[in-house]
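Step one of this worksheet: look at the structure below.
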Amino acid sequence: MGRKILFITTDQQRYDTLGVNGGELARTPVLDRLAAQGIRYERCQPTSVVCMPSRASMLTGQFPSTHGAWMNGVALAIDAPSVAGSLHDLGYATALIGKAHFEPFMDLFGRFAENSLASLGIPTIEQPWFDGRRGVHRGFDYLEFATHGVMGPLHYAKWMQAQHPEALDGFYPVVDGELNVNAAGGGDTGAPQVKFNDVPREWYHTDWVADRTIEWLNTQDDGDDWFCWMSFPDPHHPWDPPASERGRVDWRDVPLPANYPEEARLRESLLDQKARHWRAWYDGRVVSNYEAPKKWVPATLTADQVREVNALNAVEVELIDEAIGRVLKTLERKGWDDDVDVIFTTDHGELQGDFGLLFKGPYHVDGLMRLPLIWRPAPSAKTAPSVVRAPVSLVSLAATFLMVAGENAPEWVEGAVLPQNDEDARARSIDATVTEWDSELFGVGVHVRSVVTQDYLYTEYLPGTMHDGSEGELYDLADDPLQRVNRFGDSRYADVRSTLSERLRDHANRPGERATPGVLVAPV
Amino acid sequence: MASLRYEKRIKASADVVWSVVTRPESIPEWFPGIVSCSVEGTTRVVTTASGMEIPEEIICNDSLQRRFAYRITAPAYTFHFASIDVIDLGDNDSLCVYATTAEPDTLALLIGGATVGALLEIQRIAESRAKI
Numbered sequence: 001m002g003r004k005i006l007f008i009t010t011d012q013q014r015y016d017t018l019g020v021n022g023g024e025l026a027r028t029p030v031l032d033r034l035a036a037q038g039i040r041y042e043r044c045q046p047t048s049v050v051c052m053p054s055r056a057s058m059l060t061g062q063f064p065s066t067h068g069a070w071m072n073g074v075a076l077a078i079d080a081p082s083v084a085g086s087l088h089d090l091g092y093a094t095a096l097i098g099k100a101h102f103e104p105f106m107d108l109f110g111r112f113a114e115n116s117l118a119s120l121g122i123p124t125i126e127q128p129w130f131d132g133r134r135g136v137h138r139g140f141d142y143l144e145f146a147t148h149g150v151m152g153p154l155h156y157a158k159w160m161q162a163q164h165p166e167a168l169d170g171f172y173p174v175v176d177g178e179l180n181v182n183a184a185g186g187g188d189t190g191a192p193q194v195k196f197n198d199v200p201r202e203w204y205h206t207d208w209v210a211d212r213t214i215e216w217l218n219t220q221d222d223g224d225d226w227f228c229w230m231s232f233p234d235p236h237h238p239w240d241p242p243a244s245e246r247g248r249v250d251w252r253d254v255p256l257p258a259n260y261p262e263e264a265r266l267r268e269s270l271l272d273q274k275a276r277h278w279r280a281w282y283d284g285r286v287v288s289n290y291e292a293p294k295k296w297v298p299a300t301l302t303a304d305q306v307r308e309v310n311a312l313n314a315v316e317v318e319l320i321d322e323a324i325g326r327v328l329k330t331l332e333r334k335g336w337d338d339d340v341d342v343i344f345t346t347d348h349g350e351l352q353g354d355f356g357l358l359f360k361g362p363y364h365v366d367g368l369m370r371l372p373l374i375w376r377p378a379p380s381a382k383t384a385p386s387v388v389r390a391p392v393s394l395v396s397l398a399a400t401f402l403m404v405a406g407e408n409a410p411e412w413v414e415g416a417v418l419p420q421n422d423e424d425a426r427a428r429s430i431d432a433t434v435t436e437w438d439s440e441l442f443g444v445g446v447h448v449r450s451v452v453t454q455d456y457l458y459t460e461y462l463p464g465t466m467h468d469g470s471e472g473e474l475y476d477l478a479d480d481p482l483q484r485v486n487r488f489g490d491s492r493y494a495d496v497r498s499t500l501s502e503r504l505r506d507h508a509n510r511p512g513e514r515a516t517p518g519v520l521v522a523p524v
Numbered sequence: 525m526a527s528l529r530y531e532k533r534i535k536a537s538a539d540v541v542w543s544v545v546t547r548p549e550s551i552p553e554w555f556p557g558i559v560s561c562s563v564e565g566t567t568r569v570v571t572t573a574s575g576m577e578i579p580e581e582i583i584c585n586d587s588l589q590r591r592f593a594y595r596i597t598a599p600a601y602t603f604h605f606a607s608i609d610v611i612d613l614g615d616n617d618s619l620c621v622y623a624t625t626a627e628p629d630t631l632a633l634l635i636g637g638a639t640v641g642a643l644l645e646i647q648r649i650a651e652s653r654a655k656i
């Protein structure tokens, strides 16, 4: 019997939303306790700041430029490598419960397995694997899916449609009549993607994901090895948590984020220091990617709307913390806790008011790029608790899962095993991570590469329809932790810029086989 | 309004490729996700794997130009026009071009994106017919 793995992800959650990371809005005692018992990472970066490429990196251990799912709407190749497949081969039972999103959600023709499993009424299907064999879908032998709403073909939506049709209207309609991300406002302040939702808490997707995870865990025997990916759709917008829970955080009491200057002139002066697409989006001149509402202009965002969004986000974070607590209690009740590694993270962050912006896009700053990551190794492994300050990446998760299972990472894995402390990081020269962005939508192409070290965040904009290849951003994380002062053109930082640019060249020229980039076949 | 175009070079003569796409009722054979269809005159109704019925009007089915064009008439589309052109590039060599223009933009991408899979199927079928 080996160590079991509970992999917990959320969607679009900022680093600073956890109490243990300095967050003051949401109470997160369960995750705070896990962090105290295990390893807390202070600078974990995604490989991409949107869902599909980032999640594909978790599964494959590869950067988007290797696995080929370079943007939302580009399906991960069905025969892409999968750490779940490797664990399955090692005898692990493998489950994914909640949000997957390796394949597009918008699927008019029902071509993707993620969208058909619930209709088929079976937990998985067989498909081709990267090594030529056929196996269960992406290595998972049990799958139950949920996403942010109650429409569509996934398991949670179908359950709600069948069991609680009277509650469907309480949810925010994620897309509008033209299938764009909805710009409609709600709540007390008219903030976009906000709605008071009368759904009872126990029917909301956060509790559903935990309930279904507990149900699956109950099917496992004491001696079984298992890998369970419990994937919450929240706190990604829409911000429509059960209305009964809204009183947890009154938006009127919420302070404005440190990076939201209330005076528009100040916000705009910060945006003007950055590459041109920042201000263009803020002013409503360009929407470079599908993930932000097409009909919403960030410049219209008010301070009260920022407060309300942050309050509802905090409510969703608290519900997730409590749901995780229920699952961990199940492990304790079964006597398994000593042999279970628990890893908690998210796929990317959320701007949540920073610089006067919401949602996400090609904006590589901490709001989107600095993620919560906690690894509580199985207590039986007797790993000393620690805080890791070295930058690490989600691309390291696959190798880490395999290490926990007692296996070396196969050749296709690009990320090294997560360091267990800073000495470990130093010894293995883990000192920088790279985040990629490539989008091409309706004539707008944006291509971005960023490297983060303990001291700097450096971004280059490659030639596209918005940039000519000469723009960039350089932030000194020591004296400018909010990334307000762009030193890209500051001659005093020329050497730093040169060194970090070289790191990006190294990344672009790294050895290894690349998958053919996938084709954009849907907006998300 | 958004307009997308995908193409595929195929190792088969233009006549063989055209034979794959010219019969309106053949679309379930080569368009992934379309499971059935009915054709009456210039009206075609396709049914998707997700159970949706999409009505279409066939505008052009021209064997001389090897050009097939149609539009979706479902109310969700403010505008839709799609064309499949098969271009002769020489002996056992042709280019198949599938273009989609539609409003709303998102629907253009959803339909246009699916034509990528259709082109692969057209290629597979045409190249297997060319070998016979």
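Note that the protein sequences, when read in sequence, are chains A and B. Note that this note's numbering gives residue 39 to position 39 of the first sequence, counting from 1, and the numbers run on in steps of one. Numbers given in this note's numbering equal positions in the second sequence, counted from 1, plus 524. Here a beta-carbon is modelled for each residue, glycine too, at the ideal position from N, C-alpha and C. These numbers were taken from a predicted model, which means no experiment stands behind them.
Take the alpha-carbon of A:Ile-8 and the one of A:Leu-358: they are about 24 Å apart. Selection A:Tyr-290, A:Cys-228, A:Asp-141 and A:Arg-27 evaluated against A:Phe-105 yields A:Tyr-290 as nearest (Cα-Cα). Interface flag for A:Phe-442 against chain B is set, since a Cβ pair is found closer than 7 Å. Contacts between A:Gly-110 and chain B, judged by CB atoms closer than 9 Å, involve Gly-557, Val-559, Thr-572, Ala-573, Ser-574, Gly-575 and Met-576 in chain order.
The CB of A:Met-106 comes closer than 7 Å to the CB of Leu-634 in chain B, given here in chain order. By the 16-neighbour rule on beta-carbons within 10 angstroms, A:Ser-82 is buried.
Residues of chain A with a Cβ closer than 7 Å to the Cβ of B:Gly-641 are, in chain order, Arg-111. Rounded to the nearest whole angstrom, the C-alpha separation of B:Ala-638 and A:Gly-170 is 32 Å. Within chain B, Pro-628 and Thr-630 have C-beta atoms less than 7 Å from the C-beta of A:Glu-178, given in sequence order. The straight-line gap separating the alpha-carbon atoms of A:Ala-280 and A:Ser-48 is approximately 21 Å.
For A:Ala-425, there is no enclosing beta strand (DSSP E); the residue is part of the alpha helix (DSSP H) that begins and ends at 422-427. For B:Val-610 and A:Gly-121, the gap between their C-alpha atoms comes out near 40 Å. Of the residues A:Gly-152, A:Trp-203 and A:Ala-264, the one whose Cα lies closest to the Cα of A:Leu-179 is A:Gly-152.
By the rule that beta-carbons nearer than 7 Å mark a contact, B:Gly-614 does not touch chain A. Around A:Pro-123, no beta-carbon contact reaches into chain B at under 8 Å, the shortest distance being about 19 Å.
Here the alpha carbons of A:Asp-283 and A:Arg-267 stand approximately 12 Å from one another.
By the Cβ rule, the region 27-45 of chain A counts as touching the region 310-322 of chain A, because three or more pairs are nearer than 8 Å. Those residues of the region 510-523 of chain A placed with their C-beta closer than 9 Å to a C-beta in chain B are Val-519, Leu-520, Val-521, Ala-522 and Pro-523, ordered along the chain. Residue contact check for B:Ala-638 against chain A: a CB pair falls below 7 Å. Within the model, the alpha-carbon separation for A:Arg-428 versus B:Tyr-530 is close to 45 Å. The C-beta separation of A:Met-160 from A:Val-286 comes to about 36 Å, leaving the pair out of contact by the 8 Å criterion. Against A:Pro-153, the close residues of chain B are Ser-574, in the order they occur along the chain (beta-carbon pairs closer than 7 Å). In this structure the region 192-202 of chain A does not touch the region 85-96 of chain A; the number of beta carbon pairs closer than 8 Å is below three. When DSSP states are grouped into helix, strand and coil, A:Gly-445 belongs to the strand group. The Cβ atoms of A:Leu-477 and A:Arg-497 do not sit closer than 7 Å to each other. Contact annotation: A:Gln-45 and A:Thr-433 have beta-carbon atoms nearer than 7 Å. Ranking B:Ala-598, B:Cys-584, B:Ala-606 and B:Glu-581 by CA distance to the CA of B:Ala-642 puts B:Ala-606 first. In the structure shown, the three-state DSSP call for B:Ile-656 is coil.
Listed by position along chain A, the residues whose Cβ is nearer than 7 Å to that of B:Ala-526 are Phe-442. Inter-residue distance for B:Val-621 and A:Pro-391 is about 46 Å (C-alpha atoms, whole angstroms).
In this structure A:Ser-231 is in contact with A:Leu-96, their Cβ atoms being roughly 7 Å apart against a cut-off of 8 Å. The shortest C-alpha to C-alpha distance from A:Ser-450 to any of A:Leu-462, A:Ser-439, A:Glu-440 and A:His-155 is the one to A:Leu-462. Three or more beta-carbon pairs separated by less than 8 Å link the region 237-252 of chain A to the region 300-314 of chain A, which places the two stretches in contact. Taking every protein chain shown into account, the CB of A:Gln-163 has fewer than 16 other CB atoms within 10 angstroms, so this residue is exposed. Sequence-distant Cβ neighbours of A:Asn-408 in its own chain, meaning closer than 6 Å and more than five residues away, do not exist here. Taking 3 residues as the shortest admissible run, the region 22-105 of chain A contains the following complete beta strand (DSSP E) segments, listed from N- to C-terminal end: 39-45 and 93-98.
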